[in-house]
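Order-wise, the sequence lines are chains A and B. Everything in the first sequence is counted per this note's numbering, starting at 254 for the first residue and increasing by one. Everything in the second sequence is counted per this note's numbering, starting at 21 for the first residue and increasing by one. Every residue gets a Cβ at the ideal spot worked out from N, C-alpha and C, and that includes glycine. Quick caveat, the model's predicted, so the values are computed rather than measured.
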Amino acid sequence: MAAAQSAFGTAVKGFREESAARIVRIDVLLLIAALGLIACSIYTLGTATEDDVEGSPHYYVLRQSIYGGVGLALMLLVARFDYSRLRELKLGLYGVAIASIGLVFLLGAAARGSRRWIELPFFRFQPSELGKVLLILALSAFLIDRIRRLQDRETTSRVMLLALIPAIMVVAQPDLGSGLVYLAIVAAILFVAGTPWTHFAALGGIAAAAATLVLVAAPAVGVTVLKDYQVDRLTAFINPSDDPQEEGYQLNQSITAIGSGQKTGRGPDEATQTKLDFLPEHHTDFVFAVVGEEFGFAGAAIVLSLFALLIWRALRIMTMSKNLYGSLIAGGICAMLMFQVFVNVGMTVGIMPITGVPLPLMSYGGSSVLVTFLAVGLLQSIHVQARETAAAKGRELII
Amino acid sequence: MYLDSDNRPPITPQLAFRVAVMGAFALIVFAIIFFRLWYLQILSGDKYLADANNNRVREIKVQAPRGLILDRDGRVLVDNRVGLAVKVRPDEIPEPGPERTRLYERLAKTLAMKPADVRERVESQLKAQPFVSATVKQDVEFPAVSYLAEHARDFPGVEPEAVFLREYPHREIGAHLFGTVGEVTKEQLEDSRYRGVSLGDRVGQSGVEYSYDRFLRGENGKKRVQVNALGVKTRDLRETESRQGRNLRLGIDLDVQRVGQEALGSSRGAFVVMNAQTGEVVALGSSPSFDPNIFAKIIRARDFKRLSSEENGKPLFNRATQAGYPTGSTFKLVTSVAALEGGLITPDTPLFDGGSLTVGGVTFKNAGDVAHGSVALREALTVSSDVFYYRLGLAANNKGKGLLIQDWAHRLGLGRLTGIDLPAEGQGLIPTPEWRNELYEKDLTDRPWSVGDNINLAIGQGDLSVTPLQLAVAYATVANGGYSVRPHLGRRIEDPEGRVLQEFDAPNRRKVDIDPAYRDAIMDGLVGAANSPGGTSTAVFQGFNIPVAGKTGTAEKGLGREDQSWYAAITYPNDPQYVVVATDEAGGFGAERAAPMVRQIIAALYDAKDDGPPTVSSVTD
Numbered sequence: 254m255a256a257a258q259s260a261f262g263t264a265v266k267g268f269r270e271e272s273a274a275r276i277v278r279i280d281v282l283l284l285i286a287a288l289g290l291i292a293c294s295i296y297t298l299g300t301a302t303e304d305d306v307e308g309s310p311h312y313y314v315l316r317q318s319i320y321g322g323v324g325l326a327l328m329l330l331v332a333r334f335d336y337s338r339l340r341e342l343k344l345g346l347y348g349v350a351i352a353s354i355g356l357v358f359l360l361g362a363a364a365r366g367s368r369r370w371i372e373l374p375f376f377r378f379q380p381s382e383l384g385k386v387l388l389i390l391a392l393s394a395f396l397i398d399r400i401r402r403l404q405d406r407e408t409t410s411r412v413m414l415l416a417l418i419p420a421i422m423v424v425a426q427p428d429l430g431s432g433l434v435y436l437a438i439v440a441a442i443l444f445v446a447g448t449p450w451t452h453f454a455a456l457g458g459i460a461a462a463a464a465t466l467v468l469v470a471a472p473a474v475g476v477t478v479l480k481d482y483q484v485d486r487l488t489a490f491i492n493p494s495d496d497p498q499e500e501g502y503q504l505n506q507s508i509t510a511i512g513s514g515q516k517t518g519r520g521p522d523e524a525t526q527t528k529l530d531f532l533p534e535h536h537t538d539f540v541f542a543v544v545g546e547e548f549g550f551a552g553a554a555i556v557l558s559l560f561a562l563l564i565w566r567a568l569r570i571m572t573m574s575k576n577l578y579g580s581l582i583a584g585g586i587c588a589m590l591m592f593q594v595f596v597n598v599g600m601t602v603g604i605m606p607i608t609g610v611p612l613p614l615m616s617y618g619g620s621s622v623l624v625t626f627l628a629v630g631l632l633q634s635i636h637v638q639a640r641e642t643a644a645a646k647g648r649e650l651i652i
Numbered sequence: 021m022y023l024d025s026d027n028r029p030p031i032t033p034q035l036a037f038r039v040a041v042m043g044a045f046a047l048i049v050f051a052i053i054f055f056r057l058w059y060l061q062i063l064s065g066d067k068y069l070a071d072a073n074n075n076r077v078r079e080i081k082v083q084a085p086r087g088l089i090l091d092r093d094g095r096v097l098v099d100n101r102v103g104l105a106v107k108v109r110p111d112e113i114p115e116p117g118p119e120r121t122r123l124y125e126r127l128a129k130t131l132a133m134k135p136a137d138v139r140e141r142v143e144s145q146l147k148a149q150p151f152v153s154a155t156v157k158q159d160v161e162f163p164a165v166s167y168l169a170e171h172a173r174d175f176p177g178v179e180p181e182a183v184f185l186r187e188y189p190h191r192e193i194g195a196h197l198f199g200t201v202g203e204v205t206k207e208q209l210e211d212s213r214y215r216g217v218s219l220g221d222r223v224g225q226s227g228v229e230y231s232y233d234r235f236l237r238g239e240n241g242k243k244r245v246q247v248n249a250l251g252v253k254t255r256d257l258r259e260t261e262s263r264q265g266r267n268l269r270l271g272i273d274l275d276v277q278r279v280g281q282e283a284l285g286s287s288r289g290a291f292v293v294m295n296a297q298t299g300e301v302v303a304l305g306s307s308p309s310f311d312p313n314i315f316a317k318i319i320r321a322r323d324f325k326r327l328s329s330e331e332n333g334k335p336l337f338n339r340a341t342q343a344g345y346p347t348g349s350t351f352k353l354v355t356s357v358a359a360l361e362g363g364l365i366t367p368d369t370p371l372f373d374g375g376s377l378t379v380g381g382v383t384f385k386n387a388g389d390v391a392h393g394s395v396a397l398r399e400a401l402t403v404s405s406d407v408f409y410y411r412l413g414l415a416a417n418n419k420g421k422g423l424l425i426q427d428w429a430h431r432l433g434l435g436r437l438t439g440i441d442l443p444a445e446g447q448g449l450i451p452t453p454e455w456r457n458e459l460y461e462k463d464l465t466d467r468p469w470s471v472g473d474n475i476n477l478a479i480g481q482g483d484l485s486v487t488p489l490q491l492a493v494a495y496a497t498v499a500n501g502g503y504s505v506r507p508h509l510g511r512r513i514e515d516p517e518g519r520v521l522q523e524f525d526a527p528n529r530r531k532v533d534i535d536p537a538y539r540d541a542i543m544d545g546l547v548g549a550a551n552s553p554g555g556t557s558t559a560v561f562q563g564f565n566i567p568v569a570g571k572t573g574t575a576e577k578g579l580g581r582e583d584q585s586w587y588a589a590i591t592y593p594n595d596p597q598y599v600v601v602a603t604d605e606a607g608g609f610g611a612e613r614a615a616p617m618v619r620q621i622i623a624a625l626y627d628a629k630d631d632g633p634p635t636v637s638s639v640t641d
């Protein structure tokens with residue numbers, strides 16, 4: 254009885270120890286980066302959106318806090334699972350991605366309008382966001398399956414095709430930004446896996462030809478692939494004053510907001526670009542401009558540093574992973590984060606086209622926040638697994 | 021290289037390289053973003069901060085009231101009053117389309133306007149200044165404004181605004197002097213005269229409002245408000261007060277002005293009262309007059325037409341400064357100076373007046389066919405002998421180039437601008453052989469210049485065209501001993517409390533050399549004309565205790581038209597004080613109409629109690 258008790262006790266203790274050890278083995282800096290960013294987001298939204306929804310000054314802050322809390326829980330949960338098991342589910346994951354994106358089309362068609370989300374009782378679910386992570390997991394798995402035939406053009410083209418299908422679907426929603434993120438993801442996964450550079454060169458050539466076709470040739474013969482406003486957005490940043498009323502207006506206002514922040518910002522009360530609505534979408538796509546205006550170069554530098562920390566940890570986790578699958582996932586997530594940060598921030602400072610890419614963890618939005626936390630959770634899982642494997646093999650990780 | 025089994029060494033050099041590539045890429049992009057932020061926030065921050073403030077701050081003009089216009093004693097001639105204007109806000113008016121059209125229709129109905137006019141007015145203003153409210157109607161009656169307020173929902177973007185409007189408490193009295201105030205034109209904005217004026221401001225467009233606009237207009241204030249991206253006001257910012265324009269004090273005496281205007285009554289004519297030494301205008305009026313209050317609002321085309329039409333006597337036309345007339349015998353002053361200075365006669369040279377003079381088969385008669393016998397200059401002026409002056413006209417025509425009278429007319433200020441501080445002055449005309457012959461060559465007249473033209477000119481008939489003001493200047497010049505004065509209305513600029521800010525010195529006088537002996541002889545003749553037995557206006561000035569010298573004039577206007585009555589007077593001829601000129605286009609003999617008017621005016625000028633002349637018996641010119 255006592256022995257049994259003792260054995261049971263030991264088992265429980267062992268489980269607890271194992272569980273605790275797993276939590277301890279997460280990447281603390283990665284966690285700090287993610288928490289820091291969501292905290293910055295909540296603080297910025299709190300100052301910027303108090304007048305946006307009449308009667309409820311905390312509308313966005315409250316929701317973003319809830320998304321952040323749920324996201325954090327989701328991250329810790331995912332960190333405890335072994336991501337390697339997801340490899341077997343690749344078809345399912347890919348299927349869910351395609352199906353949910355397709356569902357948006359069906360619902361959108363039913364509502365006789367285009368849209369990007371599925372209305373759920375408590376929030377608007379944006380499948381194209383979830384698609385990012387699902388695609389990373391599925392494509393990495395597909396690529397691992399054919400890792401010996403990496404030199405085959407067929408491998409590259411198959412993986413590309415698998416990425417292009419959802420990419421084209423979301424572009425048609427129309428969500429050009431997510432489509433481009435998918436392409437960045439697949440390029441990164443192929444690169445990390447070791448696809449020969451000749452394949453990339455060929456892909457680059459095809460991409461250039463396709464871009465020419467879409468932007469120049471097709472409109473010339475009367476076929477519109479991109480909607481007018483998407484073309485406007487893509488070209489507005491080259492010369493914003495050409496069309497100061499529309500896309501150029503947003504860009505000018507964003508640059509003005511950031512510039513007016515100067516060294517330490519105008520402070521939340523004096524940030525007139527944000528407070529008086531000159532800066533459009535200041536809680537979503539242009540949240541970085543709010544940071545720039547309210548907190549200046551100092552505030553922008555803090556946010557960028559947190560992103561740099563996030564990306565550095567992701568790169569580091571790529572090198573730690575216990576298997577190639579983990580490296581590919583980490584590479585995909587790293588590319589996803591980098592691409593979104595660079596395109597979004599680049600857009601707000603006027604060196605990138607307006608593509609409607611949210612700034613991870615900073616932009617208001619449940620789908621984006623939850624999916625980013627999910628991705629960070631996967632990174633944590635890779636980290637935990639790597640540490641555990643190393644511990645099991647009785648050797649220290651090199652890094 | 022890697023195993024399908026997914027178990028592999030922790031890190032390979034290849035993977036490390038690829039991670040390094042990604043890291044390097046991230047580093048480069050972060051660096052670019054940091055440099056860009058540095059450029060935007062640190063290097064160009066000031067510029068963007070200014071841009072951001074430009075975005076949010078809207079300046080709303082606060083109209084400055086214009087300065088008042090006062091008479092010499094400080095009585096208000098032109099006042100300000102607050103009126104209600106109906107305006108539409110560009111940010112709240114419905115988008116162009118049926119809804120906006122319906123708004124125009126409702127507004128037109130409420131404000132008693134045509135919908136097309138409302139549209140035209142609003143759209144043109146919004147086009148010129150997209151962010152500024154457009155005025156639909158100036159000076160709207162209160163009931164209409166309260167109707168708009170009660171039905172605000174039917175009138176989106178429509179709001180009343182208090183505006184300063186000009187008010188003329190004395191209505192027809194002095195109407196021609198003040199001029200009108202109107203919105204500045206595009207051409208004016210480019211003129212340095214209007215520095216500091218911006219589109220939509222109201223400036224003086226005629227009269228002294230125009231001449232002294234620089235002082236009268238004041239400085240508009242600025243109300244700065246913070247607006248959001250939709251242009252809706254969110255906060256009041258600091259305000260710059262408007263500064264009322266300076267008051268302008270004129271030399272005009274309201275009482276004299278009123279008496280002059282009333283003396284003219286419904287006649288078509290004009291009067292001028294001017295200081296003979298300085299040229300300061302004490303009264304200047306034209307009849308028919310008009311009520312300038314009609315211009316305080318946006319004047320209707322119908323009203324404007326009525327005020328400019330010939331059959332109504334063109335009330336807007338200032339006969340005192342713009343109308344050119346033959347002056348009849350009042351011109352003999354000029355002929356006298358010319359004949360004396362030209363050596364045709366001495367003050368005592370007798371010439372025979374047999375009642376008529378025949379030159380080249382044409383007989384020139386005295387008025388009333390009287391014969392004055394042998395007369396010298398003094399008597400010729402006193403009794404107004406035409407034949408005496410016919411002979412001078414004849415002699416002048418034959419002397420030198422034949423321009424003796426014309427040259428002296430010009431020197432004394434006729435046929436040239438007087439330079440009065442009122443815009444749009446008439447120049448008049450002194451007929452010369454050259455002028456007439458040129459017209460004849462162009463077939464614009466029936467005959468070339470002949471001696472008869474000069475004979476007619478000598479007594480102020482024919483093609484001569486002189487404004488009443490010019491005549492006053494000529495009389496002043498002779499009376500004051502040869503100083504051609506420049507008439508002026510403006511006396512000084514004062515602040516609203518009456519403190520003098522700037523005195524206008526009397527403008528420089530142009531010296532005209534007239535022998536004092538000649539001047540005295542002429543003055544004697546003029547004194548006689550108003551005082552001696554046989555003087556043309558002696559009867560009119562009987563019992564008048566202010567010393568006056570004066571000359572009647574009766575200008576023939578052609579068959580079937582009444583003669584134009586003229587009188588030019590000088591008060592205190594020994595030390596001349598004022599020149600008074602009056603004319604009535606259809607007043608008959610000078611002594612019949614113009615001279616009694618002058619008597620009334622002079623009485624008012626000296627605050628003298630005067631019951632007017634005893635019943636005037638037969639008069640001649």
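What is the DSSP secondary structure of Trp586 of chain B, reduced to helix, strand or coil?
strand
I believe Ala46 of chain B touches Ile564 of chain A by the beta-carbon criterion, under 8 Å. Please report the beta-carbon distance rounded to the nearest angstrom.
5 Å
Since Lys67 of chain B meets chain A, which of its residues come closer than 8 Å, beta carbon to beta carbon?
Around Lys67 of chain B, the beta-carbon contacts reaching into chain A at under 8 Å are Gly512.
So is Asp99 of chain B in contact with chain A if we call contact Cβ pairs under 7 Å?
For Asp99 of chain B, no CB of chain A lies under 7 Å from its own CB, so it is not counted at the interface with that chain.
Give the C-beta separation of Gly549 of chain A and Lys528 of chain A to the nearest angstrom, bearing in mind that I take them to be a contact with Cβ-Cβ under 8 Å.
Not quite, the Cβ-Cβ distance comes to about 16 Å (not below 8 Å), so this is no contact.
Do Gly348 of chain B and Thr591 of chain B have their CB atoms nearer than 7 Å?
With a cutoff of 7 Å on beta-carbon distance, Gly348 of chain B and Thr591 of chain B are scored as not near each other.
So if I threshold CB-CB distances at 8 Å, which residues from the region 602-626 of chain A count as touching chain B?
Answer in chain order: Val602, Gly603, Ile604.
From A:Ala425, A:Val469, A:Met573, A:Leu392, residue whose alpha carbon lies closest to that of Phe444 of chain A:
A:Leu392
Taking only beta-carbon atoms, is Met571 of chain A less than 7 Å away from chain B?
yes
Can you give the beta carbon distance from Ala602 of chain B to Gly289 of chain B, rounded, assuming they're within the 8 Å contact cut?
7 Å
Which residue comes first and which comes last in the alpha helix (DSSP H) that contains Ala105 of chain B?
Premise fails: Ala105 of chain B lies in the beta strand (DSSP E), 96-108, not in any alpha helix (DSSP H).
Taking the alpha-carbon of Leu489 of chain B as reference, which of B:Tyr460, B:Val183, B:Asp441 has the nearest alpha-carbon?
B:Asp441
Would you check if the distance between the CB atom of Arg399 of chain A and the CB atom of Thr409 of chain A is smaller than 7 Å?
no
Own chain partners of Arg139 of chain B with C-beta closer than 8 Å, once the 5 adjacent residues on each side are dropped:
Thr121, Tyr124
Closest Cα partner of Val106 of chain B within the set B:Ile534, B:Gly117, B:Glu115, B:Leu168:
Looking at the Cα atoms, B:Leu168 is the closest of the given residues.
If we ignore side chains and look at the alpha-carbon of each, how far apart do Val165 of chain B and Thr130 of chain B end up?
Annotation: Val165 of chain B to Thr130 of chain B spans about 9 Å, alpha carbon to alpha carbon.
Stretch-stretch touch, CB-based, cutoff 8 Å, three pairs: the region 52-70 of chain B with the region 234-248 of chain B
no
What three-state label does DSSP hand Tyr617 of chain A in the structure shown?
Of the three classes helix, strand and coil, the one that applies to Tyr617 of chain A here is coil, per DSSP.
Measure the C-alpha to C-alpha separation of Glu192 of chain B and Arg92 of chain B and round it to an integer number of angstroms.
18 Å
For Phe531 of chain A, would you say it is in contact with chain B, using Cβ-to-Cβ distances shorter than 7 Å as the test?
yes
With contact counted as at least three CB pairs below 8 Å, one residue from each stretch, are the region 539-556 of chain B and the region 393-402 of chain B in contact?
yes
Pull up the distance between the alpha-carbon of Gln526 of chain A and that of Ala249 of chain B, whole angstroms please.
9 Å
So, does the CB of Ala249 of chain B fall closer than 7 Å to a CB anywhere in chain A?
yes
Taking the alpha carbon of Arg109 of chain B as the reference point, which residue from B:Ala128, B:Ser306, B:Val302, B:Pro176 has its own alpha carbon closest?
B:Pro176
Which whole-angstrom value is the C-beta distance of Ser309 of chain B and His196 of chain B, which I expect to be below 8 Å?
Contact flag correct, Cβ pair sits at about 7 Å.
DSSP state of Gly384 of chain A mapped onto helix, strand, coil
helix
Should Gly437 of chain A be flagged as near chain B, meaning a C-beta pair shorter than 7 Å?
Checking the displayed sequence, the identity of residue 437 of chain A turns out to be Ala instead of Gly. Taking Cβ atoms only, chain B never reaches closer than 7 Å to Ala437 of chain A, which makes this a no.
Which of the three DSSP states, helix, strand or coil, is assigned to Ser574 of chain A?
coil
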